[in-house]
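Asks:
Chains as they are written, first to last, in the working numbering: chain F, 32 to 411; chain G, 3 to 350.
#1: With residue 118 (chain G) as the anchor, note down where its alpha helix (DSSP H) starts and where it stops.
#2: Please report the straight-line C-alpha distance between residue 287 (chain G) and residue 69 (chain G), rounded to a whole angstrom.
#3: Which residue wins for smallest C-alpha separation from residue 133 (chain F), given the options F:120, F:152 and F:113?
#4: Tell whether a beta-carbon distance below 8 Å holds between residue 126 (chain G) and residue 160 (chain G).
#5: Closer than 8 Å, Cβ to any Cβ of chain F: which residues of the segment 198 to 228 of chain G, in chain order?
#6: Starting from the C-beta of residue 28 (chain G), find all residues in its chain whose C-beta is less than 7 Å away, skip the five residues before and the five after it, and write them out in chain order.
#7: Please state if the CB of residue 209 (chain G) and the CB of residue 182 (chain G) are separated by a distance shorter than 8 Å.
#8: Please name the residues in the segment 240 to 268 of chain G whose beta-carbon is closer than 7 Å to at least one beta-carbon of chain A, in chain order.
#9: Does the distance from the C-beta atom of residue 58 (chain G) to that of residue 49 (chain G) stay below 8 Å?
#10: As a quick exercise: from G:244, G:151 and G:89, pick the residue whose alpha carbon is nearest that of residue 258 (chain G).
#11: Give a yes or no on whether the C-beta atoms belonging to residue 185 (chain G) and residue 383 (chain F) are separated by under 8 Å.
#12: Any C-beta of chain G within less than 8 Å: which residues of the segment 334 to 364 of chain F qualify?
#13: Given that residue 107 (chain G) touches chain F, what residues does it touch there, using C-beta distances under 9 Å?
#14: Run down chain F in chain order and give the residues with a C-beta less than 7 Å from the C-beta of residue 97 (chain G).
#15: Starting from residue 352 (chain G), find everything on chain F with Cβ-Cβ shorter than 9 Å and list it in chain order.
#16: Report yes or no: do three or more beta-carbon pairs, one from the segment 222 to 236 of chain F and one from the segment 256 to 266 of chain F, lie closer than 8 Å?
#17: Check whether the Cβ of residue 185 (chain G) lies closer than 8 Å to any Cβ atom in chain F.
#18: Please report how far the alpha carbon of residue 62 (chain F) lies from the alpha carbon of residue 168 (chain F), in whole angstroms.
#19: Output, in chain order, the set of chain G residues within a Cβ distance shorter than 9 Å of residue 396 (chain F).
#20: Using a Cβ-Cβ distance under 8 Å, would residue 384 (chain F) count as near chain G?
#21: Check this for me: beta carbons of residue 72 (chain G) and residue 301 (chain G), under 8 Å apart or not?
#22: How many Å lie between residue 121 (chain F) and residue 109 (chain F) at the Cα?
#23: Going by the beta-carbon positions, is the gap between residue 80 (chain G) and residue 44 (chain G) smaller than 8 Å?
#24: Check distances from the C-beta atoms of the segment 180 to 203 of chain F to those of chain G and list, in chain order, the residues that come in under 7 Å.
#25: Would you say residue 205 (chain G) and residue 235 (chain G) are within 8 Å of each other, going by their C-beta atoms?
#26: Per DSSP, what kind of secondary structure is residue 374 (chain F) in: helix, strand or coil?
#27: Considering only the alpha carbon of each residue, which of F:353, F:226, F:123 and F:270 lies closest to residue 207 (chain G)?
#28: In whole angstroms, give me the CA-to-CA distance for residue 273 (chain G) and residue 340 (chain F).
#29: Along chain G, which residues have their Cβ under 8 Å away from the Cβ of residue 392 (chain F)?
#30: DSSP state of residue 32 (chain G), grouped into three classes?
#31: Would you mind telling me which residues of chain G sit closer than 7 Å to residue 389 (chain F), beta carbon to beta carbon, in chain order?
#32: Helix, strand or coil for residue 94 (chain F), going by three-state DSSP, please let me know.
#33: Can you tell me the Cβ-Cβ gap for residue 24 (chain G) and residue 107 (chain G), rounded? I've got them flagged as a contact below 8 Å.
#34: Going by DSSP, what residue range makes up the alpha helix (DSSP H) through residue 275 (chain G)?
#35: Below 9 Å on C-beta distance, what does residue 21 (chain G) contact in chain F?
#36: Using a Cβ-Cβ cutoff of less than 8 Å, which residues in the same chain neighbour residue 101 (chain G) once the five nearest sequence positions on both sides are dropped?
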């Protein structure tokens, strides 16, 4: 794409045709979508995480070309041209079916396929997103590609400069020339960074898939175990009924024995299943731990303070005659203790405070003790 | 409680362990001798009188000659009256004892750093109590607080809040005597020949009354709460208190207790309203004019502060301008030379 040489400057901004999501969903919570009324597949737009293009939609939509609005045509769908002007699908069909034609608003030559669905209410934002995405594809150098922070910052500054110019249509030809020069200069680096990013994305995807498979496997295992257990239980029941029908021993004893056996078997089964689940989740944990190995896990050290809390001065009894705390202790529902209040702790604190500093002699004289009496008038 | 010691550390506590109470700010910064308290109050009073006299003289020479300034003893009496007011307010609001005790402690501590002539206790009392509701986790909305106290607006409470907090050096945690008494009373039940429940209840109720009385005195600024609690129990039943102290192996405290008891009995009287009214009348004349909104001295002080702030702002603007001239403020500072601007940007 060498838009700089063409007459329609900014031509490289034309949205590339991206296939729309396979199943156009009818509604999305934030931005409601409308189903396309035309057979034309329009590309572009901003995709969400699931790969669908969400479209901006408003009751006040009106086509600036034919002035038809949503009141007249409830299925009105506005699309955005590469010069960022909106028009409705019927106008697009009418104007551009016979090939490239000038935009009715700004006279720029447009093609039918270069119209994109609108994602943002503000078209300036729409344009900015498109420009930035475009720019990021080529200006993909990283901090490691620079000898020092300074040059990296200069590079970022330049990228921002170019982006700003493109968004605000300032010196488009010069800017295009700058981009072209950059591209020529850094062709190999751009390619390498692209590959690097792709490889990273690929790795991420693979990892996610592996995890998904793992989860699936575990769920299957659990389901199978459950099924087996159900079968076994069913079998036991049938066997019990059979024995009861055939044998002439005491029915109560037979039932009790079979119950005990069933319990034993069930315990064995659950322990086996737990083992299997544990093994697989341990595997998962290990793989997670391997990822997080870069962050060192510092063992927790409890605070080691050397306060003397008068432990030898009192012993806390399990209960006291204490009308003050009667209500809390009698509270059966534990509403008063809901916040973690424990009468024992309140008692302990009171006891501690009763013996704290019991043999402390009072200060005497004017010599400034620990208090140091820094008497200063506070001022506002 | 003590954590289980790791195996390689000897479980015997090292002899250097500091008792918890001695780590408290109450012990470190708010414990005085009687002489220190007296000296502090007198010197505060003296410096306030000098400052106020100078202000009066600056306003109108010779105007201060016939003013009768308050003495430190009279100031203390006024504060004491407002201590009782806090108790009344707490009864009205049904605040827990903790709030009341905390508010009173704040008020007393505040007047160890400030004088009545600068800040009238009727406002400081409201602020101290409001602060206490918050620091003891019994919050009440400011509207509910002020609307239940006649002739009080929100600004009366809030204007002084920072000043009070600052005077307390932001040391809000207080060890109270009533909690110590509760613990003491619980522990008394552990004695081999503890009295029966009715007597216990009776002693406790009497002792609690004495603890409340002790809040009118300087006891909490001199003695640790455990000793005050023991003295109050001793006032209720001296034998029980002595038995308990011996059981704890703290006979030495029995020599301290009588002085606390004397203090509670002597200083625990509510000051007579007539005397305090007279003091308050004189205070109207001799309060610091710099703190009276609208007076000449107040305006002069405000102007001076404004001038200082202005010159500071000018200095800062100059510094910023210079930094701009020296180079692009965002450009060449990548290598940590930005400290010059950071230093200018200290408070405002």
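Even for Gly, the Cβ is constructed at its ideal location relative to N, Cα and C.
Replies: By the coordinates alone:
#1: First-last for residue 118 (chain G): undefined, no H or E at that position.
#2: In a straight line, the C-alpha of residue 287 (chain G) is about 7 Å away from that of residue 69 (chain G).
#3: Looking at the Cα atoms, F:113 is the closest of the given residues.
#4: Taking C-beta atoms as the reference points, residue 126 (chain G) and residue 160 (chain G) fail to come closer than 8 Å.
#5: For the segment 198 to 228 of chain G, which is checked against every Cβ of chain F, the residues closer than 8 Å are 199, 202, 203, 224, 225, 226, 227 and 228.
#6: Hits under 7 Å: 176 and 177.
#7: One thing to note: residue 182 (chain G) has its Cβ no nearer than 8 Å to the Cβ of residue 209 (chain G).
#8: Annotation note: the requested chain A is absent from the structure, which comprises protein chains F and G.
#9: Against a cut-off of 8 Å, the Cβ pair of residue 49 (chain G) and residue 58 (chain G) comes out as no contact.
#10: Nearest option by C-alpha distance: G:244.
#11: Result yes, Cβ atoms of residue 185 (chain G) and residue 383 (chain F) sit closer than 8 Å.
#12: Within the segment 334 to 364 of chain F, those residues whose Cβ lies closer than 8 Å to any Cβ of chain G are, in chain order, 337, 338, 339, 340, 341, 342, 344, 345, 346, 348, 351, 352, 353, 354 and 355.
#13: What residue 107 (chain G) touches in chain F: nothing, since even the nearest Cβ is about 14 Å away.
#14: Near residue 97 (chain G) there are no residues of chain F at all, since even the closest Cβ is about 16 Å away, more than 7 Å.
#15: Outside the shown range of chain G, which is 3 to 350, sits residue 352 (chain G), and nothing can be said about it.
#16: Flag = no, the segment 222 to 236 of chain F and the segment 256 to 266 of chain F do not touch.
#17: So, interface residue.
#18: The pLDDT assigned to residue 62 (chain F) is 46, lower than 50, so where the model puts this residue is not dependable; a value taken from the coordinates is nonetheless given after this. Approximately 27 Å between the Cα atoms of the pair.
#19: Correct list: 35, 37 and 38.
#20: Chain G contact via Cβ: present.
#21: Contact flag unset, no.
#22: So the alpha carbons of these two residues sit roughly 9 Å apart.
#23: No, these two residues do not count as a Cβ contact at 8 Å.
#24: Result list: 180 and 181.
#25: Yes, they are a contact pair.
#26: If DSSP states are grouped into helix, strand and coil, residue 374 (chain F) belongs with the helices.
#27: Closest option to residue 207 (chain G), Cα to Cα, is F:353.
#28: Each residue's alpha carbon lies about 39 Å from the other.
#29: When 8 Å is used as the limit between beta carbons, residue 392 (chain F) is near these residues of chain G: 254 and 258, in chain order.
#30: In this structure, residue 32 (chain G) counts as coil in the three-state DSSP scheme.
#31: Going along chain G in sequence order, the residues near residue 389 (chain F) (Cβ under 7 Å) are 228, 229, 250, 252 and 255.
#32: Coil at residue 94 (chain F), not helix or strand.
#33: Actually they do not touch by this definition, with Cβ atoms about 18 Å apart.
#34: Residue 275 (chain G) -> alpha helix (DSSP H) spans 275 to 288.
#35: The contacting residues are 338, 339, 340, 341, 387, 388 and 391.
#36: Once the five neighbours on either side are set aside, the close Cβ partners of residue 101 (chain G) are 92, 131, 134, 135, 138 and 140.
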